[in-house]
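Quick notes on the structure that follows.
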Amino acid sequence: MVHHYAFSASLAAMKAQSKAMEVIGINVSNVSTAGYKAQKAQFHDLVQSTDIGSTSENYSGMRPLLKNMFDRDGQVANTARPYDAAMLGSGFFVTSDTPSAAGNISLTKAGQFNPTVDPASTTNQTYLTDASGHYLLGWPYSTATNSFTTGTGIPSLQPIQIDPNNLFAAAGTTQASIAANIPADAAVGNSYTTSMSIYDGTGDADNVSDVRNLDVIWTKTATNTWDITFSATGGTVASPAAAVQLTFDGAGLNPTFTATNTSAQALTINWTSPAGASNTLSLDVANMTQFAGTQLDIRDISANGNTDGYLKNASFNNDGVVMGEFTNGLLRPVAKVAAATVTNTNGLQNTGDTHFLLTADSGTLTLRDPDATDLVTFVAGGYETSTTELSDEVTLMIQTQRAYSSAATSLRTVDEMTKTATELK
Numbered sequence: 002m003v004h005h006y007a008f009s010a011s012l013a014a015m016k017a018q019s020k021a022m023e024v025i026g027i028n029v030s031n032v033s034t035a036g037y038k039a040q041k042a043q044f045h046d047l048v049q050s051t052d053i054g055s056t057s058e059n060y061s062g063m064r065p066l067l068k069n070m071f072d073r074d075g076q077v078a079n080t081a082r083p084y085d086a087a088m089l090g091s092g093f094f095v096t097s098d099t100p101s102a103a104g105n106i107s108l109t110k111a112g113q114f115n116p117t118v119d120p121a122s123t124t125n126q127t128y129l130t131d132a133s134g135h136y137l138l139g140w141p142y143s144t145a146t147n148s149f150t151t152g153t154g155i156p157s158l159q160p161i162q163i164d165p166n167n168l169f170a171a172a173g174t175t176q177a178s179i180a181a182n183i184p185a186d187a188a189v190g191n192s193y194t195t196s197m198s199i200y201d202g203t204g205d206a207d208n209v210s211d212v213r214n215l216d217v218i219w220t221k222t223a224t225n226t227w228d229i230t231f232s233a234t235g236g237t238v239a240s241p242a243a244a245v246q247l248t249f250d251g252a253g254l255n256p257t258f259t260a261t262n263t264s265a266q267a268l269t270i271n272w273t274s275p276a277g278a279s280n281t282l283s284l285d286v287a288n289m290t291q292f293a294g295t296q297l298d299i300r301d302i303s304a305n306g307n308t309d310g311y312l313k314n315a316s317f318n319n320d321g322v323v324m325g326e327f328t329n330g331l332l333r334p335v336a337k338v339a340a341a342t343v344t345n346t347n348g349l350q351n352t353g354d355t356h357f358l359l360t361a362d363s364g365t366l367t368l369r370d371p372d373a374t375d376l377v378t379f380v381a382g383g384y385e386t387s388t389t390e391l392s393d394e395v396t397l398m399i400q401t402q403r404a405y406s407s408a409a410t411s412l413r414t415v416d417e418m419t420k421t422a423t424e425l426k
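Start counting the sequence shown at 2; every next residue gets the next number (the numbering used here).
So this is what it looks like as structure tokens:
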């Protein structure tokens, strides 16, 4: 039976080169796959030996060993798509196979995400999912604290939601300002009216428009002196209930309300509907001037506050934040992507769909803020491409084919020699 041992080296070489060709084929087939990490087959010598207590021998040859290169970055393909992002460096996106951080967790570099409505939801709950249908996890934004609810463990994460019913709540006007020039040569008794929009902050539930009209009436009473009265459409100005005096200095600057000795006047407005609705705000006229002119020249009118708004669009920014654009024209963070790092990136387990699992070799997982670590570079509007280098793979394919052919030739030679030796008996 000794003649069978002569085949071991050639057979081992053919098996090893066949495995190498398989790896090359997988790499080439994923040359356009976002976030794919190419692997490489390496070969280790098998030395002839006899195991203790065994009557069989292990024979020389080679065996393939898969080399992980998960720590290599691909290039960034710029797409300008709102839900594309690249996580370069040591960081990975964290995903779950269910819309919960309690699902099966995996890591990925494939940063092409799309809005997906949860089929089990009755309220159109919409999540960001990757090409494999996994849910992107991150830290939610708290409107109560105007910050992200971050944490160091997986339980701190939530699926990133971009629901169209995400509300940017109405807010009433608390600060307003007028910048204008009022004619210095106006006759005593002349009046001018400035109309401005303010927000009552009651929201859509009352079926009354949040946008209200406030009139500011300027009446000249003496040189450099004006009486200001206020009128609100659909409401009553409770304070000041009477006219307030405003003066300018001799140069037509430094407007000052006599009662407050400042450029700001507090107002309280009670609205007829909805019952009990009111606004308390400060009107600032520091940028008013009194120069020559024939009419009131408005330069700027502004007021804070907003109507109810619902999420219309969302996109990543380069800090890893999902920014929401709302129907009231305002922007606000929705969530922040968490970057996961491990002690040994190449120790991760490749699941075959651009996702990776933790192993004993990969070490501990750590969650990091992409904007607060040098280990990660977050790029919005693009995705990380495959690390497969097609030219290198073609070269390896040619070399592997030649090595396989050489091993096959060696096998045929051994076979012929064995037949000749057998016939000599």
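Ideal Cβ positions, reconstructed from N, Cα and C, are used throughout, including at glycine.
Note that the structure is a prediction, hence the values are computed from the model and not measured.
Count the other CB atoms, across all protein chains shown, that sit within 10 Å of the CB of residue i; report buried if there are 16 or more and exposed otherwise.
i    : result
S50  : Residue placement at S50 is poorly supported in this model, since its pLDDT is 48, which falls under 50; the coordinates still yield a value, given next. Looking at its Cβ environment, which holds fewer than 16 other Cβ atoms inside 10 Å, S50 is exposed.
R369 : buried
L268 : buried
R73  : exposed
N214 : exposed
I179 : buried
D164 : buried
Q266 : buried
V189 : exposed
T127 : buried
S240 : exposed
Return the first residue and the last residue of the beta strand (DSSP E) that residue i is part of.
i    : result
L138 : Y136 to S143
Y84  : Neither: Y84 is in no beta strand (DSSP E) and is coded neither H nor E.
Q246 : V245 to T248
S1   : Nothing about residue 1 can be reported from this structure: the residues present for the chain run from 2 to 426 only.
E385 : G383 to E385
N79  : V77 to N79
R300 : D298 to A304
G294 : Per DSSP, G294 belongs to no beta strand (DSSP E) and is neither H nor E.
N182 : Q176 to N182
A315 : G310 to F317
S107 : I106 to T109
G325 : V322 to F327
T117 : N115 to V118
Y128 : T127 to T130
V95  : F93 to S97
Kindly indicate which residue of the options has the alpha-carbon position closest to the one of residue i.
i    : options                   : result
T360 : T344, D370 and L368       : T344
G202 : N280, Y84 and V286        : N280
K20  : A278, S30, A42 and H356   : A42
D98  : N115, R73, T130 and G112  : T130
F94  : D119, P160 and S33        : P160
N271 : S264, T109, A233 and T290 : A233
L366 : L138, A177, T378 and T346 : T346
G134 : D72, S210 and D354        : D354
T290 : V189, L312, I183 and N214 : I183
A252 : N31, G235, W219 and A293  : A293
V335 : T123, T124, A35 and Q162  : Q162
L158 : S240, S148, S101 and I199 : S101
N314 : D301, L332 and D298       : L332
T96  : A177, G139, T174 and K68  : G139
G104 : A242, P156, D207 and N147 : P156
M70  : P241, T146 and G36        : G36
T308 : A170, P120 and A145       : A170
L277 : T263, T146 and D207       : A small fix is needed here, since residue 277 is Gly in this sequence, not Leu. It is D207 whose Cα lies nearest to the Cα of G277.
F317 : E326, G310 and Y311       : E326
Short of 8 Å in beta carbon distance, which residues of its chain neighbour residue i, apart from the five on each side in sequence? Order them along the chain.
i    : result
Q246 : T222, T226, W227, D228, I229, F258, T259 and A260
T1   : With the chain represented from 2 up to 426, any question about residue 1 goes unanswered, as that position is not in the structure.
Can you list, in chain order, the residues of its chain with a C-beta nearer than 6 Å to that of residue i? Leave out the 5 residues immediately preceding and following it.
i    : result
S91  : T342 and L376
H428 : Residue 428 lies beyond the stretch modelled for the chain, which goes from 2 to 426, so this question has no answer here.
F114 : Y84, L129, D131 and L137
T237 : N271
T374 : none
S303 : S178
Within its chain, find whatever has a CB closer than 7 Å to the CB of residue i; leave out the 5 residues flanking it on each side and keep chain order.
i    : result
A87  : V77, G112, V380, G383, Y384 and E385
L358 : S107, L349, Q350 and T352
A81  : G382
G75  : E385, T386, S387 and T388
Any heavy atom of the ligand PLP closer than 6 Å to the beta-carbon of residue i?
i    : result
L376 : Only the bare structure without any ligand can be found here, which leaves the ligand PLP out of the picture.
Which runs of the beta strand (DSSP E), 3 residues or longer, sit entirely within the segment 265-291?
Correct list: 265-272 and 279-285.
Within the segment 339-394, ranges of the beta strand (DSSP E) (whole runs, at least 3 residues):
The DSSP assignment places 340-343, 356-358, 366-369, 377-381 and 383-385 as complete runs of the beta strand (DSSP E) inside the segment 339-394, in order along the chain (cut-off: 3 residues).
Inside the segment 214-242 only - beta strand (DSSP E) runs reaching at least 3 residues
List check, beta strand (DSSP E) in window: 226-233 and 236-240.
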